[in-house]
Amino acid sequence: MENKPLMPLATAVWLVDNTSLSFSQISKFCQLHELEVQSIADGEEAYNMKGLNPIASGQLTKDEIKRCEEDHSTDLNLQNNKSQNVHIRSKTKKYLPLSVRSERPKAIAWLIREYGKILTDIQIAKLTSSTKPTVANIRAGNQAQQITEFKNPTDLGLCSYEELEKIVNKGQRKAEREQKAKAKEMAKIPSL
75 MENKPLMPLA TAVWLVDNTS LSFSQISKFC QLHELEVQSI ADGEEAYNMK GLNPIASGQL
135 TKDEIKRCEE DHSTDLNLQN NKSQNVHIRS KTKKYLPLSV RSERPKAIAW LIREYGKILT
195 DIQIAKLTSS TKPTVANIRA GNQAQQITEF KNPTDLGLCS YEELEKIVNK GQRKAEREQK
255 AKAKEMAKIP SL
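Residues 75 to 266 in the numbering used here are what the sequence shown spells out, letter by letter.
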């Protein structure tokens, strides 16, 4: 597998917004062109994209970021990427232990909190091996008193990092297409 961060564009957005790293450091780490990173910083590219925290996803440590912020000639080193250790889930449904089943609402709540505007209820249900009505209830807040913490579904083993990245990228592309279509419709409407 390639030594590449999970969701490089979203990771670059987070690094630009939350660190004082140079564009070249971010571009080398995320394997993007330096001008692409600069356009992210200028708000021309990925302006509506939510950044992915590489510390929370285990790709970087705070110490690593701090070390590179102090010396701009050094490069960020990717930590052991969890996605390399996770095998891809088979198409057949497998048995989920009761302990994991009880954690499922926390994973659904995490996905809604992080990617609620991008992912549909069906996509979230597919990732967490749940049902659409369950996701809709959690999104509506009907089970809010039971959910006190949020957990990443990949850490619980409900889905792999690759599956999460694939569905999030698909959702982002769909959101961008809808936004372009809406802008096109607004351009057609004559102003008074």
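Ideal placement from N, C-alpha and C gives every residue a C-beta, glycine not left out.
Quantities reported herein were computed from a predicted structural model and do not represent experimental measurements.
Burial state of residue i (16 or more Cβ within 10 Å)
i      : result
Asp195 : buried
Pro171 : exposed
Met260 : exposed
Gln99  : buried
Option in the options with minimal Cα separation from residue i
i      : options                          : result
Asn243 : Thr93, Gln197, Gly117 and Ser98  : Gln197
Ser204 : Gly190, Leu193 and Leu232        : Leu232
Lys225 : Leu80, Ser131, Glu252 and His146 : Ser131
Ala113 : Ile129, Asp91 and Gln133         : Checking the sequence, you will find Ser at residue 113 rather than Ala. It is Asp91.
Leu193 : Glu239, Thr228 and Thr93         : Glu239
Backbone secondary structure at residue i - three-state DSSP
i      : result
Tyr235 : helix
Ile129 : coil
Asp116 : helix
Ile182 : helix
| Touch test, the region 220-229 against the region 174-185, Cβ-Cβ under 8 Å, three pairs minimum | yes
| field | the region 96-104 touching the region 137-153, judged by at least three CB pairs closer than 8 Å | value | yes
| said: Across the region 80-87 and the region 120-129, are there enough close Cβ pairs to call them in contact, namely three or more that are closer than 8 Å? | reply: yes
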